[in-house]
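Structure, as C-alpha cells:
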Amino acid sequence: MSDSIPLHKLRRTKYQRAALEEPGITLSPDTDMPSAVAAKAAVAARRNRGYNSARRGERYQDDSEEEQGLLRTGSYEEGDDFDGPSTNLSPINQLPPTTPTFHGKDKSRTIPFHPPEKLQSRYPPNTVRNQKYNAFTFLPIVFYEQFKYFYNLYFLLVALSQFIPALKIGFIVTYIAPLAFVLCVTMGKEAYDDYKRHLRDREANSQKYLILTPPPPPASHSDAEQAYLNTHANTRSVPSSSLKVGDLVHLEKNQRVPADLVLLHTSEASGTCFIRTDQLDGETDWKLRVAVPECQKLDEGDLVRLDAEIYADAPIKDIHTFIGTFTMNKPPTQPSSTDGSVPLHPLPPSVSPLTAENVLWSNTVLAAGSAVGFVIYTGAETRAVMNTSHPETKMGLLDLEINRLSKILCAVTFALSLVLVALNGFRGQWYVYVFRFLILFSSIIPISLRVNLDMGKTLYAQQIMNDHEIPNTIVRTSTLPEELGRITYLLSDKTGTLTQNEMEMKKLHMGTMSYGSDSMDEIAHQLALAFGASGEYGHQRQGSLATGAQLAVRGRRDMSSRVRDVVLSLALCHNVTPVTNDDGTVTYQASSPDEVAIVTWTGSVGLTLTFRDRTRITLSTPSGGTLTFDILDIFPFTSESKRMGIVVRDTQTGEITFLQKGADVVMAKIVQKNDWLEEETANMAREGLRTLVMARKRLSGTLYSEFTRAYHQASISLDGRNEAMANVVAKYLEHDLELLGLTGVEDKLQDDVKGTLELLRNAGIRIWMLTGDKVETARCIAISTKLVARGQYIHEMSRLKTSDQVRDQLDFLQNKLDCCLVIDGESLQLCLNLFKNEFIEIATKLSAVVACRCSPTQKADVARLIRAFTKKRVCCIGDGGNDVSMIQAADVGVGIVGKEGKQASLAADFSVTQFSHLTKLLLWHGRNSYRRSAKLAQFVIHRGLIISIMQAVFSAIFYFAPIALYQGWLMVGYATIYTMAPVFSLVLDRDVSEDLALLYPELYKELTKGRALSFKTFFQWLMISLYQGAAIMIMSLVLFENEFLHIVSISFTALILNELIMVALEITTWHMYMVVSEVVTLFFYIISIAFLPAYFDLSFVITLPFAWKVAVIVAISALPLYIFKAIKRKIAPAASSKLL
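In this note's numbering, the protein residues as written are 44 to 1183.
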C-alpha cells in the first residue's frame, strides 16, 4: 500500500507506549513482517492452539530468556513496532483445528468469536463493587472495628458487669446508655456511607451498552432488507454488569468503556479512534488507538460472522503493555468461481500481533466517532480495577494515642483497686472487692471521652465546610480532621493538581531575535509579509539589490523568511490531529499537550493546521491560501530519544525536508554550531518554561532515496534492528541541521501554587511530586512552582538498569541531602526492589523529591512505604482516577474536583476545588482541630481521674470499703449536665488568630512533633488530678461536720466549681459560647440542689459555713495551679503567645 507510511523509532525501547499514537502509522497487510515478528506471532499462535500446555504458565511469563531463544533473536522486544502486523505464516497451515482454551492458573486466554457460555462463565463477572459490607458481614465487621479498640472493649465489659448482682453499683443505664449511643451513631454512619457506595455501584453496573449479535435467519426479508442486514449488525442492549468475555460491544462518542476491549472497527475510514484516559493515567490529552486492520476492512455486520479468535496474555497491572494475537481462520466471505474453472484454495489462517495500541482499557472514554470492541478482560481482571486498591478503614493518630493512654489508665485503675484491697489485708471475698473497686473507678476511662471527641470531629468538619474562603470543600471522612494538623509528608500529583494542564506558547527565540508573549503580533506581521511577498510559498531568494532603501527592505525580508521557516516547521513537525466537534468547532488532539499548544500558537499567528491524516498535512496561510505536504516518514518522540522527527515533501515544489524538534540536551549535538542555544535554554528553564529546539535539513531526491534504501535494509535486519535503524537516521539525517529556533511553552500553574508550596515547606512539610509525566516536564514544573529553590542542585536518576548503578546513585545522594531528587518510574521500581530501606531512608531526608512516569500502584506503594518507614503522617493530593490508589493509601487523602472528573474527590477524605486551599485546610483548620481535640481529651480524662482519686481517698479512710462516694443522679449529672458544656466548649478555643497562623507557618511545625498530647502532658494531668482529688477529699473530711451527707454536698460542690475554674484556666481565647456554658452550668447546678434532697441538705447548703468551707477547698485545689501556670507563662512562654 503505497500511501501507508511506516512508523519508525529512533532507539530501542522496552515498553513501547507512544508508537501507534502517532498519526503516521502503518497497518499495511501486504508489507512483509520482519522474521523476528513472524516468529513471535507463530509462537503466540501455537500457544493459542494449546501446545505444550504443561509448561505454558512459566515459559513466557517467568523465563524471558527462553522466550528470546524461541524467537532466535535478541533484537526484538515486546512492544516494538511492526512494519506489517498481518502476515500469512506457512507453519500454521499444518496446525490442527483450534479449540477455545482456558489457560489454567496463568489466566492467559484464547477466545473465539461467539465463545460458548461455559468458557465465558470461567471469567469474573463485569461488575463494579466498592461496598465494604453486605447484609451478613455488616454487624460482625462493624462490631469488630469498634471493639478492637481497647477503651470500647473496656466499656463493654464494665456495662456487662452490672448484670451481676454482686458487682452492681448505681443505675445500669448510666453504664449502658453512653456505649449504646456511640455504637448506634457509628453503625448508622457506616450503614449510610455503604448504602451510598451501593447506589453508585448500581448506577455504574446498570449503564446500558449495545452488543452485536448474529443476524436472524433470512426467512422473509426483501433483497434491500437483506442487504442492509448484511452490512449492519444486529444489536441488543445489555447492562454493563452482563457483559462477558467474547462479547462484541458497540460504543458511541463519550461512552465509558465498560471492560478491557480489543478495538476491531471504528467509524473512521483510517481505522483509528481517540480515547480519553484521564481516569486511568491522569493524562488529559487524547490517545490514538488503532483497530485490527483485518476487521477494519469489514462492515460491522460481517464482524459477527467472523471465524476468528483472539489470544490475550494473563491480566497484569501495566496499562502500557499488552501482548496478544488476532487469528483469522478464514475470511467471512469466500470468493466463488464464476467461470467454471478450478475453485480457489481456502486461504491459510492469518495472524496479527496485538499491542496496547489496539486495546481500549476499561474506564477510558471514547472521545470521537463510534467503535466496536471485543471483550477480553472483565471485572476484577480489568486494568482499571487491578490498579485500584481497596480502601482501608482509617483511624487518626490521635485516636490511637488515646487508645494507648486508656490502657495505661486501665493499669492505674487495676493497681489502685489492688492496693486498696491489699491495704485491707485481702479480707473476705477480696476478688469481688477488686472488681467492685474496678467498677467504682471506671470513670477513670470515661465513656464520655468518645462521645466528646466524636462531637468535636463533627464540629470541625462543619467549620471546614462552612469556611467561605475555601468554598465547596467537602469532608467525606469526619473522623480525620485532627490528622490535618499532623502532616509531615505531602505527596502531590502534578497534572491538574499543581498545574491547570493548559499549555501556552510563551516565547520564541531565533538567535538574533526573541519574541515574548507580548510581541506575538510582530510574528504574525512578519509571517503575513513573508507569504505575501513570496506568493503562496517559495524558497526563491530575491536578486542582489543596490540602493540603501532596497537593502533595508531585503533585511526585513530576510527576517520575515526566517520567521516563516521556523513557524512553518513548527506547524509541520508534530503528531497533532484536528478533530471537528458536533458544533462545527475544531479542536486539536495529540499525545502531548505541548504540541497542541505550539500548533494552536502557529494558528494564532496565521499558519493554521486544517487537515491531517497518516500521509498528508494541509495548512492555511495568512493570505488565505493552502499548503499541502506529503508525510514520507515519522520518527516519534520517545523518552530515550527525546526528539521527534518528520520527513515531508511539498506537493507544489517537490522539495523534501527533514524537520526535527526535541530537548536541548540531544539537539545541541545534532544542529550546526551556535553560540546562543545553551544560554537561552537555561534562561527559559529558569522561567519554568518547557523548551523545544526546532531544526531542519533540506534533502535532495538522491539523498532521500539512499536513506530509504538503507533504512529499509536496517528495518528487516534480525540482529540489532533498532540500533541499525537509529544509525541510518543518524548517518543520513541527524547531523548539521539548520537551527531555526527555540520555543518556550508554559504549563499554567494553579492559582497561588508557589505561595502555597512555600508556606507548606516553611511549616516543616516535605513535598514529593509523583506524576505520570515525562522527566523533562516534571523538572520544569518543579522549577516553576518553586518546589526547587533557586540555585538548588537537581539530581536526576533515570534509566537505571543494574544494582551497581543504583548503589552508586544512593551513595552520592547520601552526601548531598540538600538537593532535589528527580527519579523516573523504572529507576524507582529498581530502587524499591533492590534497596528499599536505604532508598526510603535517604529520600525522606531530602527537601523535595520528584518521581516521574509513576504508575497508580507505584504512587500508592510510595505513600505506604513512607508511612511505614517514618511513622509520620502522610497526606496525598490528586485529581484524577489514577490518583485514587495513592489517596486511599495515605493517612489523609485530599481530592481536587477538576477537569479529570470527580473520581479522586469521591475517594478522598477531604475534597477541595484548588490546591491553594490546602494552606488553610492544614495550617488553620488542621492545627486547630488537633490542638482542640488534644486539650479536650486530656481534660475529659482529668475529669474522670479526679473523681476516682476522691473515691479512692474516701474508701481508704472508711476502712477500705468498696462503697460509692457519689451514687445515682450525682454521677449521671457529673458526666453530663454539670460539666459537659464547659468542657466541650474547649473545641472553640484558639491560641492565635487565623491571619497569624497563616503568616507564621512555623507554628504548625511545633504540632507535628505531637507535643499537644504526649506521655509527658498525660502524666502532668495525672499529677494535677491526683493533687486536686486528694486536696478536695481530705479538706472536706478535715472540715467534716457531724453527718455523712455534708461530706457529699461539700466535696461535690467543690468538685464542680473546681472543674469550672479549670476550664476557665485552660481557655486561651474566650468565645461567647464558653461564657454562656460556664454561667448556665453553674445556674443549673444551683437549681438542681433543691431537687436532690437525697444528696443535699438545703438548710445546710444555704448557710454561711457551707459557702466559706467550699471556697477554702476550691482555693486550695485550684490556686496553686493558677500560680504555676502564671509563672510558666513568664519563664517559658508558648511559641504562639510570643506573637500575641
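We put the CB at the ideal spot given by N, CA and C, even for glycine.
| field | Helix, strand or coil at Gln506 [DSSP, three-state] | value | Indexing the sequence shown from 1 puts residue 506 at position 463. Helix.
| Cys453 - containing alpha helix (DSSP H), residue span | As a working note, residue 453 is residue 410 in the sequence shown. Taken as a continuous stretch (DSSP letters only), the alpha helix (DSSP H) holding Cys453 covers 440-466.
| For Leu1125, which residues of its own chain have a beta-carbon under 7 Å away from its beta-carbon, when the five flanking residues on both sides are left out? | To locate residue 1125, count along the sequence shown from 1; it is residue 1082. Cβ-Cβ distances below 7 Å link Leu1125 to Leu1103 in the same chain, with the five nearest sequence neighbours on each side left out; the list follows chain order.
| query | Nearest to Pro1176 by alpha carbon, out of Thr1111, Ala465, Ser1120? | reply | The residue given as residue 1176 occupies position 1133 in the sequence shown. Comparing Cα positions, the closest option is Thr1111.
| request: Grab me the residues of Leu908's own chain with a C-beta within less than 6 Å of its C-beta, minus the 5 sequence neighbours each way, in chain order. | output: By one-based count along the sequence shown, residue 908 stands at place 865. Contacts found: Ile883.
| request: Reducing DSSP to helix, strand and coil, say where Gln250 ends up. | output: Numbered from 1 along the sequence shown, position 207 holds the residue referred to as residue 250. If DSSP states are grouped into helix, strand and coil, Gln250 belongs with coil.
| Paired residues, beta bridge with Trp329 - DSSP | Indexing the sequence shown from 1 puts residue 329 at position 286. In DSSP, Trp329 forms a bridge with Arg319.
| field | Other residues of its chain near Pro1044: CB distance less than 6 Å, five sequence neighbours each side excluded | value | Counting from one through the sequence shown, the residue named residue 1044 turns up at place 1001. Excluding positions up to five away in sequence, the list reads Leu802, Asn805, Ala806, Leu966.
| Where DSSP assigns a beta bridge to Phe701, which residues make up the other side? | Working through the sequence shown from its first residue, we reach residue 701 at position 658. Answer is Val690, Lys740.
| task | May I ask you to report which of helix, strand or coil DSSP gives Pro489? | result | Locating residue 489 in the sequence shown gives position 446, counting from the first residue. The answer is coil: DSSP assigns Pro489 none of H, G, I, E or B.
| Assigned secondary structure, Ala1055 (DSSP; H/G/I helix, E/B strand, else coil) | In the sequence shown, counting from the first residue as 1, residue 1055 sits at position 1012. In the structure shown, Ala1055 sits in coil (DSSP, three-state: anything other than H, G, I, E or B).
| message | Can you check which of these residues, Asn925, Thr538, Asn880, is closest to Lys902 by C-alpha distance? | response | Taking the sequence shown and counting its residues from 1, one reaches residue 902 at position 859. Selected option, being the one with the closest Cα: Asn925.
| task | Determine the DSSP secondary structure at His511, reduced to helix, strand or coil. | result | Position 468 of the sequence shown, counted from the start, is the residue given in the question as residue 511. Note: His511 maps to coil in three-state DSSP.
| field | Three-state secondary structure assigned by DSSP to Ala1175 | value | What you label residue 1175 is simply residue 1132 of the sequence shown in a count that begins at 1. The answer is coil: DSSP assigns Ala1175 none of H, G, I, E or B.
| request: Note down the Cα distance separating Thr1184 from Leu331, rounded to an integer number of angstroms. | output: Shown here, the chain extends from 44 to 1183; a query on residue 1184 therefore has no answer.
| message | Quick check on this structure: which residue in Met710, Asp676, Thr700 has the alpha carbon closest to the alpha carbon of Ser684? | response | The residue labelled residue 684 in the question sits at position 641 within the sequence shown. Nearest to Ser684 by C-alpha distance, out of Met710, Asp676, Thr700, is Met710.
| field | Inter-residue spacing [alpha-carbon to alpha-carbon] between Gln756 and Ser151 | value | Within the sequence shown, numbered from 1, the residue matching residue 756 stands at position 713. Within the sequence shown, numbered from 1, the residue matching residue 151 stands at position 108. A direct Cα-to-Cα measurement between Gln756 and Ser151 gives close to 35 Å.
| task | Use the C-beta contact count for Cys338: other C-beta atoms within 10 angstroms, 16 or more gives buried, fewer gives exposed. | result | For the purposes of this step, residue 338 is identified with residue 295 of the sequence shown, where counting begins at 1. Taking a 10 Å sphere around the C-beta of Cys338, we find 16 or more other C-beta atoms and assign the residue as buried.
| field | Three-state secondary structure assigned by DSSP to Thr1111 | value | Residue mapping note: residue 1111 aligns to position 1068 of the sequence shown, counting from 1. Looking at Thr1111 - three-state DSSP - the assignment turns out to be coil, as it is neither helix nor strand.
| Taking the alpha carbon of Met840 as the point to measure from, which residue in Ala614, Ser972, Gln852, Arg833 has its own alpha carbon closest? | For the purposes of this step, residue 840 is identified with residue 797 of the sequence shown, where counting begins at 1. Nearest to Met840 by C-alpha distance, out of Ala614, Ser972, Gln852, Arg833, is Gln852.
| field | Residue range of the beta strand (DSSP E) that includes Met362 | value | Position 319 of the sequence shown, counting from 1, holds the residue named residue 362. Here the sequence assigns Ile to residue 362, which means Met is not the residue at that position. Note, Ile362: premise wrong, no beta strand (DSSP E); not H, not E.
| Around the Cβ of Glu1121, are there at least 16 other Cβ atoms within 10 angstroms (buried) or fewer (exposed)? | Position 1078 of the sequence shown, counted from the start, is the residue given in the question as residue 1121. It is buried - the Cβ of Glu1121 has at least 16 other Cβ atoms within 10 Å.
| said: I'd like the span of the beta strand (DSSP E) that includes Asn544, first residue to last. | reply: Residue 544 sits at position 501 when you count from the first residue of the sequence shown. Counting along the chain, the beta strand (DSSP E) containing Asn544 begins and ends at 542-552.
| query | What's the call for Met1066, buried or exposed, on a 16-neighbour Cβ count within 10 Å? | reply | To locate residue 1066, count along the sequence shown from 1; it is residue 1023. It is exposed - the Cβ of Met1066 has fewer than 16 other Cβ atoms within 10 Å.
| said: Suppose contacts are defined by Cβ-Cβ distances below 8 Å. Is Leu780 in contact with Arg739 by that definition? | reply: In the sequence shown, the residue the question calls residue 780 occupies position 737. In the sequence shown, the residue the question calls residue 739 occupies position 696. Taking 8 Å as the Cβ cut-off, Leu780 and Arg739 qualify as a contacting pair.
| query | How about Ser449 and Ile488: are their beta carbons less than 8 Å apart? | reply | The residue labelled residue 449 in the question sits at position 406 within the sequence shown. The residue labelled residue 488 in the question sits at position 445 within the sequence shown. Result yes, Cβ atoms of Ser449 and Ile488 sit closer than 8 Å.
| said: With three or more C-beta pairs closer than 8 Å as the rule, is the stretch 238-251 touching the stretch 281-291? | reply: A contact is defined here as three or more CB-CB pairs under 8 Å, and the stretch 281-291 meets this definition with respect to the stretch 238-251.
| request: Determine the direct distance from the alpha carbon of Val609 to that of Ser603, and round the result to whole angstroms. | output: For this step, residue 603 is matched to residue 560 along the sequence shown. For this step, residue 609 is matched to residue 566 along the sequence shown. Using only the alpha carbons, I get a separation of about 10 Å.
| request: Report the option in Thr278, Leu1031, Leu226 whose CA atom is closest to the CA atom of Pro183. | output: Working through the sequence shown from its first residue, we reach residue 183 at position 140. Ranking the options by Cα distance to Pro183, first place goes to Leu226.
| field | Nearest neighbour of Lys500, chosen from Val1091, Gln1071, Leu1031 [CA to CA] | value | For the purposes of this step, residue 500 is taken as the residue at position 457 of the sequence shown. Out of Val1091, Gln1071, Leu1031, Leu1031 has the C-alpha closest to the C-alpha of Lys500.
| message | Just to confirm the assignment: which complete beta strand (DSSP E) runs, minimum length 3, are found wholly within the stretch 873-933? | response | Taking only runs of at least 3 residues, the beta strand (DSSP E) segments lying wholly in the stretch 873-933 are 891-895, 916-921.
| message | So, does the stretch 711-718 touch the stretch 815-835, judging by three or more C-beta pairs under 8 Å? | response | The stretch 815-835 and the stretch 711-718 do not touch, with fewer than three beta-carbon pairs separated by less than 8 Å.
| field | Pair within 8 Å by beta-carbon distance, Thr1227 and Arg655 | value | Outside the modelled stretch of the chain, which goes from 44 to 1183, sits residue 1227, for which no answer is possible.
| request: Note the first and the last residue of the continuous beta strand (DSSP E) segment covering Leu306. | output: To locate residue 306, count along the sequence shown from 1; it is residue 263. Annotation for Leu306: the continuous beta strand (DSSP E) segment containing it runs 303-309.
| task | Report the rounded CA-to-CA distance for Thr1146 versus Val201, giving the unit in angstroms. | result | As a first step, residue 1146 must be located in the sequence shown, where it is residue number 1103. As a first step, residue 201 must be located in the sequence shown, where it is residue number 158. Rounded to the nearest angstrom, the two C-alpha atoms are 40 Å apart.
| query | For the stretch 315-325 against the stretch 400-417, are there 3 or more C-beta pairs whose distance is under 8 Å? | reply | Contact between the stretch 315-325 and the stretch 400-417 is present, because at least three Cβ pairs lie under 8 Å.
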